[in-house]
Amino acid sequence: MNDNSVQSPGRTRGLEIEALFHRHVERDPTIRNAYLLVHSDTLGIHMNLAAGPGEGQGVSPQQPVFMASVGKLFTSVILATLHEQGVLSFHDPIERYLPPEMMKNLHVWKGKDYSSNIQIRHLLNQTSGLPDNFFPLLKKVMADHTISMTPQDAVEWTKGNLTPRAAPGKRAHYTDTNYHLLGLIVEEVCGEPFHIVLKKVIFDPVGMKGAYMLHRSEPAAPSSCPEAGFYIGETRLNNLKALAGIDYAGGGVVAPMEDLLLFMKALVGLHLVSRDTLAIMKDDKANLYPGFDYGYGIWQVRPVPLLIPPQYDSWGVLGATGAYMFYHPALETYLIGSFNHTSWQKKCVRFMFKVMRLLHGLK
2 MNDNSVQSPG RTRGLEIEAL FHRHVERDPT IRNAYLLVHS DTLGIHMNLA
52 AGPGEGQGVS PQQPVFMASV GKLFTSVILA TLHEQGVLSF HDPIERYLPP
102 EMMKNLHVWK GKDYSSNIQI RHLLNQTSGL PDNFFPLLKK VMADHTISMT
152 PQDAVEWTKG NLTPRAAPGK RAHYTDTNYH LLGLIVEEVC GEPFHIVLKK
202 VIFDPVGMKG AYMLHRSEPA APSSCPEAGF YIGETRLNNL KALAGIDYAG
252 GGVVAPMEDL LLFMKALVGL HLVSRDTLAI MKDDKANLYP GFDYGYGIWQ
302 VRPVPLLIPP QYDSWGVLGA TGAYMFYHPA LETYLIGSFN HTSWQKKCVR
352 FMFKVMRLLH GLK
């Protein structure tokens, strides 16, 4: 299904993108549902697509979609607003906001305790050196659906079962643990649950009436369409209650594609944070993977000769379910979507690059 208004000069490109999207979905039997929104005032394109066999009923572009780690950008924006208000600083030590029992032995690496050296900015740009707890914890709760998990439980489990990867500030290591801690910091300084702050700071001002946090909140205007299923292998994860504690501030946002576009347009348009703050969020970055830098919840594609050409220069955020939400400055274009399956964690980037080539008029 689609909900499109493709106009010249983007009509041909829009049709090519739609064909590309359907081709990828039809070739992969693991995909139950997939979504793609492309918006560009400059190119005259607005297309909102849904494809796949669905789950007992047809797919719709209006379905709420779990966006996995795309939610990290929402968390970083909340921290950025608190920074602008003077409530906290990006350079503050996290021990200022977290309880002593949580800080105890949080980061012990090569016999030295670095816990007090971790700053908020280290959590935001994935340079704390803390280990990643997401997939180990997901495996644990998938094996036993009766397990309940709070963000505090997730942090404590990490301390007792995983080993840090580096001293704070030395190198990037992608970890949901950082964003669990950021969510807890938000709750401490705001005095409210994270999902309430998220609604007040982002959902309501932006007009994201269909957005909510998985197993934590309800949308202001519930959709008539069912929440899209998301999968690892053959296992549907939507009803796994412990995900509320594992994802949390690291990726619990569920929203229709059009709501996500509202958020990205508000961020790019400087309606959520100032130009200077957004610059800090992008510039205080670390090299995460070849061709990819990581700022404050922001993935940045860095052109690399013979590997990543300049036409892919863009920024946004990725999720483990094949979710993506990017802005391409040169084209003034937004790319948002998800394949709702963990097998597309990396493949979604290659797909996004193919869309960018078509937007540039390249084959």
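Number 278 in my numbering belongs to position 277 of the sequence shown; there are no gaps in the numbering.
All C-beta atoms in this analysis are idealised placements derived from N, C-alpha and C, irrespective of residue type, glycine included.
Every value quoted in this text rests on a predicted model; they were computed, and no experiment measured them.
For residue i, the three-state DSSP class (helix, strand or coil)
i, result
"residue 127", "coil"
"residue 230", "coil"
"residue 224", "coil"
"residue 247", "helix"
"residue 194", "coil"
"residue 117", "helix"
"residue 173", "coil"
"residue 149", "coil"
"residue 162", "helix"
Residue i burial status per 10 Å Cβ neighbour count (16 or more: buried)
i, result
"residue 101", "exposed"
"residue 105", "exposed"
"residue 67", "buried"
"residue 111", "exposed"
"residue 162", "exposed"
"residue 88", "exposed"
"residue 270", "exposed"
"residue 276", "exposed"
"residue 338", "buried"
Anticipated Cβ contact below 8 Å, residue i with residue j, distance rounded
i, j, result
"residue 341", "residue 231", "4 Å"
"residue 121", "residue 93", "5 Å"
"residue 131", "residue 179", "6 Å"
"residue 148", "residue 243", "5 Å"
"residue 260", "residue 209", "4 Å"
"residue 123", "residue 170", "6 Å"
"residue 263", "residue 14", "Actually they are not in contact, since the Cβ atoms of residue 263 and residue 14 sit about 23 Å apart, beyond 8 Å."
"residue 18", "residue 48", "7 Å"
"residue 34", "residue 55", "6 Å"
One or two residues paired with residue i in a DSSP bridge
i, result
"residue 287", "295"
"residue 376", "There is simply no residue 376 to check, as the chain begins at 2 and stops at 364 in what is shown."
"residue 237", "232"
"residue 98", "DSSP lists no partner for residue 98."
"residue 66", "256"
Residue i versus the options, residue with shortest Cα-Cα distance
i, options, result
"residue 225", "26, 38, 22, 64", "64"
"residue 220", "189, 197, 233", "197"
"residue 301", "70, 150, 308, 315", "315"
"residue 139", "31, 98, 234", "234"
"residue 136", "96, 70, 97", "70"
"residue 62", "284, 37, 43", "37"
"residue 115", "149, 164, 282", "164"
Residue i beta carbon near the ligand GDP (any heavy atom closer than 7 Å)
i, result
"residue 88", "In terms of ligand content, the structure shown is empty, and the ligand GDP therefore cannot be addressed."
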